[in-house]
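K.L.:
The opening position of the sequence shown corresponds to residue 1 in the UniProt record's numbering, with each subsequent residue numbered one higher. Ideal placement from N, C-alpha and C gives every residue a C-beta, glycine not left out.
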Amino acid sequence: MSCTKPRHLTGGTGLVGAHLLIHLLEKGENVRAIYRNLDSIQKTKSLFSLYKKESLYETIQWIEADIIDIPSLENVFPGIDQVYHCAAMISFDPKEEDLVRKTNIEGTANIVNFCLAFDIKKLCHVSSIAALGDLATHESIITEETEWNPEKPHSDYAISKYGAEMEVWRGQQEGLEVIILNPGIIIGPGFWDQGSGELFTKVKNGLPFYTKGSTGFIAVTDVVAIMYELMKSKIHGERFTL
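#1: Take ILE60 as the anchor and find which of SER91, PRO94, LEU20, CYS86 has the nearest alpha-carbon.
#2: Across which residues does DSSP place CYS124 in a beta bridge pair?
#3: Is it true that the CB of ARG32 sits closer than 8 Å to the CB of ILE67?
#4: Hey, how far is the Cα of LEU73 from the Cα of GLY12?
#5: When we look at the beta-carbon of ILE70 and count the other beta-carbons within 10 Å, is it buried (16 or more) or exposed?
#6: Quick check: the Cα distance between VAL224 and GLY17, rounded to an integer number of angstroms?
#7: I need the DSSP call for HIS19, collapsed to helix, strand or coil.
#8: According to DSSP, simplified to helix, strand and coil, what is LEU116?
#9: Is it right to say TYR35 is buried, meaning 16 or more other beta carbons lie within 10 angstroms of its own, or is it exposed?
#10: Nearest CA to the CA of ALA88: which residue from LYS161, ASN182, MET227?
#11: Should PHE217 be labelled buried (16 or more other beta-carbon atoms within 10 Å of its own) or exposed?
#12: Can you name the start and end residues of the alpha helix (DSSP H) that GLU54 belongs to?
#13: Determine the contact status of TYR57 and MET227, defining contact as a CB-CB distance below 8 Å.
#14: Going by DSSP in three states, VAL76 sits in which element: helix, strand or coil?
#15: Just verifying my parser: in three-state terms, what is the DSSP assignment at MET1?
#16: Taking all protein chains shown into account, decide if SER127 is buried (16 or more other Cβ within 10 angstroms of its Cβ) or exposed.
#17: Pull up the CB-CB distance for LEU132 and PRO183, whole angstroms please, since I reckon it's below 8 Å.
#18: If I measure Cβ to Cβ from PHE48 and keep anything under 7 Å in the same chain, skipping five residues before and after, which residues do I get?
#19: Are there three or more Cβ pairs, one per stretch, closer than 8 Å when the region 132-141 is compared with the region 114-124?
#20: With distances taken between CB atoms, is the gap from LEU9 to CYS86 smaller than 8 Å?
#21: Decide yes or no for the touch test of the region 148-166 against the region 95-107: beta carbon pairs closer than 8 Å, at least 3 of them.
#22: Would you mind working out which of ASN149, ILE187, GLY171 sits nearest ILE180, comparing C-alpha positions?
#23: Thinking C-alpha only, which one of LYS212, ASN104, THR221 is nearest LEU24?
#24: Could you tell me the alpha carbon to alpha carbon distance between GLU167 and VAL112, rounded to whole angstroms?
Dropping the structure here:
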């Protein structure tokens, strides 16, 4: 195991975070991760079993905390030098608008503030292609530099992820080195009853129809590998579409 300072990880009980835990531990990193309740850890533990990495799972330093509960985060950051922020709420239900915005915007603001308070060296924030900008009349391709147009319609989720990015950029202006990733739909094993995993479950159970159109997909193993390499590099102050 590495003698370097621990890497702190939010969202370790989700698809990206759980796979990132495996990747970091395989690289010999010390890892500290937060969880909201013991039940949420079980899927992560099962994923380690799926990959036959049970011994690595036992090395994780788990701390009970919530990104929207500031007091619970106070014991998480001491001794940390890098933070991977994977935690987010994904919902397109209008009834959950307030919670989505609170979790994604306020939660990210809390993480940024703690990074600044504890002189964290670098923050990697997992955003979404939903937070990318809107094409102007003379444009044909959306890039990382495409500007967000608040006058155009966006889902509550997209607005929350854009707002979260604004908090990360605020952190950069205050001296924090940051990286933002904007992945498409992330797919991978282990979380079949939530998020993109439900696509596979529905198909397995006999999905009776599908819609026209297209979108971007990326394997979760590719996402976490890119996160790790970017955090090892000297690159910061940039966002990357995956």
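P.N.:
Quick answer:
#1: LEU20
#2: TYR84, ILE179
#3: no
#4: 15 Å
#5: exposed
#6: 8 Å
#7: helix
#8: helix
#9: buried
#10: LYS161
#11: exposed
#12: 54-57
#13: no
#14: coil
#15: Its pLDDT being 45, under 50, MET1 is placed unreliably in this model, and the coordinates cannot settle the point.
#16: buried
#17: That pair is no contact at about 11 Å.
#18: ILE22, GLU54, LEU56, TYR57
#19: no
#20: yes
#21: yes
#22: GLY171
#23: THR221
#24: 7 Å
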